[in-house]
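Everything in the sequence shown is counted per our numbering, starting at 5 for the first residue and increasing by one.
Idealized CB from N, CA, C, for every residue including glycine.
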Amino acid sequence: MRINCLACGHKVDLDDAYDDYEGPVKCFACRAILEIRTEQGSIKAVKQVNSIQHPSAEEVFERVLNPTNATAQGAGTAGPRRIG
Ligand SMILES: [Zn+2]
């Protein structure tokens, strides 16, 4: 079963465990939270949840593994140089 992500349009693949399901699913393309309701393998409702959730332990762990703010710049110029 697939649902279209309301935020980015990505087709989110759901397995059989979601055939009768009501609750949030996460788009792994854009990480939007979609609240869905399914019944017997068909989708009854999809809506996007806009509330910001506090980061899960998984996301914090990911941030540790992939630090994006690590910009180390050294070896600059060593001041004025007189050429005479
Ligand atoms: Zn998405």
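Item to check | In DSSP terms, what S46 is bridged to | outcome: Your numbering for residue 46 matches position 42 in the sequence shown. DSSP, once it has assigned bridges, lists E43 as partnering S46.
Next on the checklist: Once the 5 residues before and after A11 are set aside, which same chain residues still bring their CB inside 7 Å of it?
Outcome noted: Your numbering for residue 11 matches position 7 in the sequence shown. So the qualifying residues of the chain are C31, C34, A36 and Q52.
Checklist entry - Cβ of A11 versus every heavy atom of ligand 1: is any distance shorter than 7 Å? => result By one-based count along the sequence shown, residue 11 stands at place 7. The answer is yes for A11.
Checklist entry - When burial is assigned at 16 or more other CB atoms within 10 Å of the CB, is V29 buried or exposed? => result Residue 29 sits at position 25 when you count from the first residue of the sequence shown. Buried, by the Cβ-count rule.
Checklist entry - Taking buried to mean at least 16 other C-beta atoms within 10 Å of its own C-beta, is L38 buried or exposed? => result As a first step, residue 38 is located in the sequence shown; it is residue number 34 there, counting from the start. Buried: at least 16 other Cβ atoms inside 10 Å.
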